[in-house]
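The numbering of the sequence shown is the working numbering, which starts it at 4 and goes up by one.
Right, one structure below, let's go through it.
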Amino acid sequence: MSARRERPVGTARAATAAVTVTTAGVLPAYLVGVLWVQVSADLDVGPSLLGLLVAAFFGTSAVSALSAGTLVRRLGTVVVVRLASGTAAAAMLLVALATPDVGVVVAALVLAGWGNGIGQPASNDLIACSVSSGRQGLAYGLKQAAIPLSTLLAGVAVPLVAIPLGWRTAFGLGAGLALLVALSVPSARRLGTAGSSSAPSEAAGPFRRAPLYVLTVGLMLGAATGNALGAFSVSTAVAGGIDPATAGVLAAVASGVGAVARVVVGWLADRIRTRWLLVVAAQMSLGGLSYALLGTGVEALIVVGAVLGYCTGWAWAGLSTYAVTRMHHGMAARATSITQGGMGLGAALGPLAFGAVVSAGSYTLAWSATAALAVLGGLVIVLGRRLLLRERPALVAAHRERRTAARA
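Pasting the structure below:
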């Protein structure tokens, strides 16, 4: 019986753990967003606090992600993954049980942001170490699709839980869900090592931070523009003359299509050998086109821009993680702690900057600036990739071998 209990759980269980941990990690922020009408009425605060809470969550995530690689090396991947889910549960329980105090809610979102920050690179490492190499693209795509899934869960909580039972009950149920996720993560012994080795590999060259920092700037710009899309697509549609209810449906459909796009791109990454970071750069640039369409104020173009934006400008997150981990065998947590930190910072600053530009100018100006930043982000990705390949000569040799084989 003991031998059976120690049998590796396989690719599906490891990928499921990474997806559920990611869902639980971002759920506190999205619950606050969709339940804000009830929360703000109970706490007697205005809408400006919501922006502060979202910025606090993603800002803390960006900072804490930088320490994830160290935590994984010291505590182990599984321990950090469980800690991340447990932190999300504690944060949501704190909100559910706390007296009407704004300070407590802010502290809870900061705590949740810390857990999300360490959980993202740890779950990346979980996939890199436990999912077979031929399925890692799909696994990363599913993991990043978990973020729209969190939005869906938060939205369902409004009519099913928050309205009949109160917003505190919704946070309590969210805490229970996150706790179940923490308890369901398999042990390190059962996860096995189907993917890349858990030991750092120097075959492609030593670990270099400088190229990753350049790449991270591009990912930060992409995350800033993508999160602005998520935060302001509805208000942009309403300002363009679309009915609020229809605008909400548009956002839900576009987000759903974007989640599917993340999974499909990951699935393709497992089957097609190509320069995937260049594909990420192309997705960001196409996202720039979609943002420009949103700024036109024309209803039909706003619809096209919203759907196209989710399918391109905000569908590259899983693919970028897949590419970075493939270039850093055995160092997934260490490498993605840097890139994830940049993405978290961009996710925090993007909506704040967009809102400031809208307040000072217009949606047209804000979306034009967003489009320009998306294209710039794509160009920086190209530069970061070139620097990474320069520092890792074995990767260059592998690319040349694949090109030669393709021509033959």
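Even glycine gets a Cβ: it sits at the ideal position worked out from N, Cα and C.
In the assembly as shown, residue 104 is an exposed residue. Its beta-carbon has fewer than 16 other beta-carbons within 10 Å. For residue 317, there is no enclosing alpha helix (DSSP H), as DSSP marks it with neither H nor E. Assigned with DSSP and collapsed to three states, residue 150 falls in helix. If you check the CB distance, residue 149 and residue 324 do not come in under 8 Å.
Straight-line measurement puts the Cα of residue 130 at about 15 Å from the Cα of residue 320. DSSP, read as helix, strand or coil, puts residue 162 in helix. Using a 10 angstroms sphere on the CB of residue 73, the tally of other CB atoms stays under 16, which defines it as exposed. Residue 45: member of the alpha helix (DSSP H) spanning 39 to 46, first to last residue. With 16 or more neighbouring CB atoms inside 10 Å of its own CB, residue 133 falls in the buried class. DSSP places residue 128 in the uninterrupted alpha helix (DSSP H) bounded by 105 to 133.
With respect to the 8 Å criterion, residue 231 and residue 291 are not classified as neighbours on the basis of their beta carbons. Sequence-distant partners of residue 140 (beyond 5 residues in either direction) whose C-beta falls short of 6 Å from its own C-beta, in its chain, are 269, 272, 273, 325.
Fully enclosed alpha helix (DSSP H) runs of no fewer than 4 residues occupy 247 to 272 of the region 218 to 296, in order along the chain. Taking residue 368 as reference, the option from 299, 335, 309, 313 with the minimal CA-CA separation is 299. Counting only the Cα atoms, residue 39 lies some 12 Å from residue 173. Sorting 32, 66, 22 by C-alpha distance to the C-alpha of residue 343 places 66 at the top. Counting along the chain, the unbroken alpha helix (DSSP H) around residue 354 starts and ends at 335 to 363. Here DSSP, grouped into helix, strand and coil, assigns residue 95 to helix. Residue 85 carries a helical assignment under DSSP once its states are collapsed to helix, strand and coil. Proximity of the region 379 to 388 to the region 210 to 218 meets the contact definition, three or more beta-carbon pairs being nearer than 8 Å. Ranked by how close their Cα comes to the Cα of residue 182, the residues 236, 30, 348, 366 have 30 in first place. Residues of the same chain with a CB within less than 8 Å of the CB of residue 127, apart from the 5 flanking positions on each side, are 21, 143, 146, 324, 328, 335, 336, 339, 343 in chain order. DSSP places residue 101 in the coil class of the three-state scheme, outside both helix and strand. Taking C-alpha positions only, residue 83 is separated from residue 135 by approximately 21 Å. Spatial neighbours of residue 289 in its own chain (CB-CB distance under 6 Å, excluding positions within 5 residues in sequence) are listed in chain order as 315. Taking a contact as a CB-CB distance under 8 Å, the pair residue 341 and residue 69 counts as one, their CB atoms being some 7 Å apart. The criterion of a C-beta distance shorter than 8 Å is not satisfied by residue 89 and residue 358. Taking the CA atoms as reference points, residue 169 sits about 13 Å from residue 34.
A distance of 8 Å or more separates the beta carbons of residue 59 and residue 97.
Residue burial is scored here from C-beta neighbours: residue 277 has fewer than 16 other C-beta atoms within 10 angstroms and is therefore classed as exposed. In the DSSP annotation of this structure, the continuous segment of the alpha helix (DSSP H) that includes residue 175 starts and ends at 170 to 187. Spanning the alpha carbons of residue 382 and residue 284 requires a straight line of approximately 7 Å. For residue 385, the enclosing alpha helix (DSSP H) has its first and last residue at 366 to 394. If the five residues before and after residue 254 are omitted, its C-beta is found closer than 6 Å to the C-beta atoms of 236, 237, all from its own chain and listed in chain order.
Counting along the chain, the unbroken alpha helix (DSSP H) around residue 76 starts and ends at 71 to 78.
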